[in-house]
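In what follows, a single structure is set out as structure tokens and then discussed.
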């Protein structure tokens with residue numbers, strides 16, 4: 001907020017000063033419009049000082065009237081904020097806003113997600129993705145290292161009640177702030193609601209000076225979590241986690257060193273795999289590898305032996321990281337046969353390039369996967385410890401400590417809805433209600449402020465409970481912030497995830513699983529398409545079960561025959577076009593107008609690609625071209641819209657033959673300068689190009 005947005009001053013004066021001289025170290029003093037300044041008494045003279053860098057200039061009010069106002073401000077110790085509103089080399093115009101009183105306030109005001117949601121609905125935000133910054137800019141004034149705010153308290157509030165509820169005046173709204181006192185005596189302030197209007201005569205306003213700021217729920221929780229964690233000893237879960245991670249890292253390095261490296265003398269491609277010939281004196285180590293690793297295990301290959309130099313575990317890890325571009329990941333294609341003296345590996349093209357500079361090299365235990373896993377774990381631990389994770393109080397939760405501010409948001413979502421009862425707990429048309437503990441588990445998961453742990457032996461319905469929770473989360477999610485990527489189901493086992501999402505639909509579409517089992521496709525797109533196609537087939541089966549007479553309808557039998565003909569054709573553009581045109585003729589009376597329009601547009605696009613022109617395409621395009629206005633009178637009758645419609649239809653053709661005329665019309669539309677003689681020629685040229693040839697000479 002700048003000086004000109006400050007409200008509720010008791011008096012505002014604009015005073016003009018003559019600049020006499022600078023008494024700062026710099027010979028020249030430059031003021032900026034809007035810059036905060038202060039008025040200084042220097043004996044019988046006056047000075048204006050900047051709050052930004054404390055530069056001072058001697059000044060003199062230009063007349064007696066301004067002189068008397070200055071004397072009143074300084075002589076009576078008035079509370080004011082001042083800023084330069086205009087300046088020249090020798091003159092300054094300064095705005096003084098005076099206030100009834102000044103109080104020192106340094107409050108951190110919590111703004112919740114509910115408040116932000118209300119704010120977005122009430123105010124047109126310039127930056128809706130950072131509402132905290134928006135309200136700070138609109139309500140707080142920064143000057144001279146202090147934060148100022150215009151605060152209003154109710155005229156009937158006594159001194160004790162005065163700051164239990166107050167207003168902060170913003171640029172074009174007010175924020176009502178409430179003081180919260182918790183059971184344990186902890187106090188904090190929260191932004192309660194936005195007010196567009198108030199009864200000003202019911203409030204008295206003053207200037208608040210200090211270090212006021214707004215904090216989000218996460219920031220408040222992070223500060224409280226930090227205080228909680230600082231009271232704990234070193235024997236915490238996070239510290240034990242850190243020590244465990246280091247032990248696991250050392251164990252992995254030690255086992256890799258114990259296995260050592262197998263020397264191979266050559267390798268060659270066999271079909272899709274590669275055969276590595278092992279050096280004869282490595283037979284004992286080859287036997288150890290055969291016992292330790294089975295088909296599918298990931299090993300590493302390199303032209304260098306990482307164990308040539310004696311290294312401790314940390315140096316070994318650093319060496320592998322530094323030379324990772326020369327170390328290939330190789331997968332055992334089959335179990336190791338020790339009597340063959342060779343090993344068969346499956347290797348990606350990208351990986352084989354790392355070792356194909358030489359036929360000789362070394363095979364050893366791969367630790368890069370473990371290293372990535374441990375590095376990710378370490379990053380997660382660091383984020384939790386520094387409270388930079390999405391749940392800033394997670395470190396306190398892991399220690400069993402309560403962070404009160406994290407529990408402020410109270411939810412009361414019921415465990416079950418009619419849709420959940422029907423889709424999750426109904427089997428073959430019979431409603432089978434959840435057990436009492438199942439219903440309690442669902443309610444707990446929906447309403448927990450942080451984490452819910454649901455435990456139970458096999459067969460107690462945990463997967464059903466998870467499915468119900470996901471269904472309810474999709475129902476209660478606020479769609480205004482987007483619905484995608486809100487809920488993640490993860491597990492150590494693929495089947496556990498699949499079982500949970502098999503019965504879930506989001507907006508009527510199937511939930512998608514990412515990640516793969518060993519030997520499954522690693523292409524997520526393939527998985528997505530497979531899932532969707534399976535869902536489509538299942539829906540078709542359900543439809544046929546409910547409408548068994550579909551196959552007896554003649555138009556559907558014919559439609560299915562057309563479709564099958566297309567499936568067994570070469571699927572060229574011409575054949576696709578033929579399919580769609582025949583289908584339209586067959587089922588047009590059964591389709592909605594929107595779907596029929598979409599089908600016709602697709603046909604038109606295909607006809608343009610093949611050089612053909614449909615009657616519908618001609619109709620829409622020719623009609624749009626003919627409506628291009630060629631005079632001021634025609635243009636005054638909705639001409640701008642007609643030109644925009646013509647541009648749209650011409651763009652849909654994606655034809656280079658029409659591009660020159662399209663470019664000229666677009667330029668006219670953009671600049672607003674319409675040449676009607678040129679538009680007349682353009683319309684004539686376009687009609688020649690878009691009309692069927694037999695109609696040109698009758699137009």
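Numbering (the UniProt record's numbering), first residue to last: 1 to 699. Note that CB positions come from ideal geometry on N, CA and C, so glycine has one too.
- The beta-bridge partner set that DSSP reports for residue 430 consists of 427.
- For residue 389, same chain residues with a beta-carbon under 6 Å away, outside a window of 5 residues either side, are 383 in chain order.
- A residue is called buried once 16 or more other Cβ atoms fall within 10 Å of its Cβ, and residue 671, having fewer, is exposed.
- Annotation: the continuous beta strand (DSSP E) that includes residue 58 extends over 56–61.
- For residue 215, the enclosing beta strand (DSSP E) stretches over residues 213–216.
- Contact annotation, residue 38 with residue 118: C-beta distance approximately 38 Å; criterion of less than 8 Å not satisfied.
- Residues 290, 294, 295 of the same chain have their beta carbon placed closer than 8 Å to that of residue 335, with the five preceding and five following residues left out of the count.
- Under DSSP, residue 49 takes part in a beta bridge, and its partners are 38, 56.
- For residue 359, the secondary structure class from DSSP, reduced to helix, strand or coil, is coil.
- Counted as a single uninterrupted DSSP element, the alpha helix (DSSP H) harbouring residue 437 occupies residues 436–447.
- The alpha-carbon of residue 400 is positioned some 29 Å away from that of residue 435.
- Secondary structure of residue 249 (DSSP, three-state): helix.
- Under the Cβ criterion (8 Å, minimum of three pairs), the stretch 214–229 counts as touching the stretch 102–111.
- The residue from 395, 164, 534 with its alpha-carbon nearest to that of residue 229 is 395.
- A straight-line Cα-Cα distance of about 18 Å links residue 172 and residue 202.
- If you draw a straight line from the Cα of residue 629 to the Cα of residue 687, it comes to about 14 Å.
- The stretch 62–79 and the stretch 145–163 do not touch, with fewer than three beta-carbon pairs separated by less than 8 Å.
- Per DSSP, the beta-bridge partners of residue 204 are 153.
- The C-beta separation of residue 298 from residue 342 comes to about 19 Å, leaving the pair out of contact by the 8 Å criterion.
- In its chain, beyond the 5 residues on either side, 1 have a beta carbon closer than 8 Å to the beta carbon of residue 137.
- Within the model, the alpha-carbon separation for residue 344 versus residue 256 is close to 21 Å.
- According to the DSSP assignment, residue 343 belongs to the beta strand (DSSP E) that extends over 342–346.
- For residue 100, the closest C-alpha among the options 204, 170, 50 is that of 204.
- Between the alpha carbons of residue 417 and residue 463 lies a gap of roughly 18 Å.
- Three or more pairs of CB atoms, one per stretch, sit closer than 8 Å, so the stretch 465–472 contacts the stretch 441–454.
- Judged by DSSP in its simplified three-state form, residue 301 adopts strand.
- Excluding residues up to 5 positions away in sequence, nothing lies with its Cβ nearer than 8 Å to the Cβ of residue 554 in the same chain.
- When secondary structure is reduced to three states using DSSP, residue 95 falls in the strand class.
- Just so you know, the alpha carbons of residue 94 and residue 669 end up roughly 47 Å apart.
- A buried status is given to residue 83, since no fewer than 16 other beta-carbon atoms sit within 10 Å of its beta-carbon.
- When 433, 428, 412 are compared, the shortest CA-CA separation from residue 420 is found for 433.
- Residue 302 places its beta carbon 7 Å or farther from that of residue 264.
- C-alpha of residue 573 to C-alpha of residue 606: approximately 7 Å in a straight line.
- The secondary-structure analysis by DSSP pairs residue 209 across a beta bridge with 104, 148.
- Residue 53 and residue 70 have their C-alpha atoms spaced approximately 23 Å apart.
- Note on residue 148: 16 or more other CB atoms within 10 angstroms of its CB, so buried under the neighbour-count rule.
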